[in-house]
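Step one of this worksheet: look at the structure below.
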Amino acid sequence: MEGGIGYGPGAVMRNAITLEGGAVAESNFLDYVPLRIGDIAAIEVHVVPSTEAPTGVGEPGLPPAGPAVANAIAAAGGPRVTMLPMEAQGVTFA
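According to the numbering used here, the sequence shown holds residues 180 to 273 in order.
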């Protein structure tokens, strides 16, 4: 869950794949920089007791992360971001 929550904002904030001459320009994490653990605040995950059969929980944290970041930027008076990555649209992150 924590990994998905961290991966989602990183993807919408700064990750992009670019093509040069028909080939992907990024070769590894030196060129394609994911969000690092030191880039985010503590994440608190709560496990809710249930009688249902267990399933995977790695993916559910990822999809809402991007819209949450975009809405937080807009709510704080920033621009309404409609294209990704956000840094390419002029949004800067501390």
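In this text, a Cβ means the ideal position worked out from N, Cα and C, and glycines have one as well.
Can you tell me where the alpha helix (DSSP H) holding GLU181 begins and where it ends? For GLU181, the uninterrupted alpha helix (DSSP H) run begins and ends at 181–192, by DSSP.
Would ILE196 and ALA244 be called neighbours here (beta carbons separated by less than 7 angstroms)? No, Cβ-Cβ distance for ILE196 and ALA244 is not below 7 angstroms.
With a cut-off of 8 angstroms on the beta carbons, I'd call MET192 and LEU214 a contact; round off their distance for me. Cβ-Cβ separation between MET192 and LEU214: approximately 7 angstroms, consistent with a contact (criterion under 8 angstroms).
If contacts are defined as beta-carbon pairs under 8 angstroms, then MET180 and VAL236 qualify, I think. What distance do you get, rounded to the angstrom? About 5 angstroms separates the two Cβ atoms, so the contact holds.
Just to confirm my understanding: we take ILE222, look at its own chain, exclude 5 residues before and 5 after, and list those with CB closer than 6 angstroms. What are they? Residues of the same chain with a CB within less than 6 angstroms of the CB of ILE222, apart from the 5 flanking positions on each side, are GLU181 and ILE184 in chain order.
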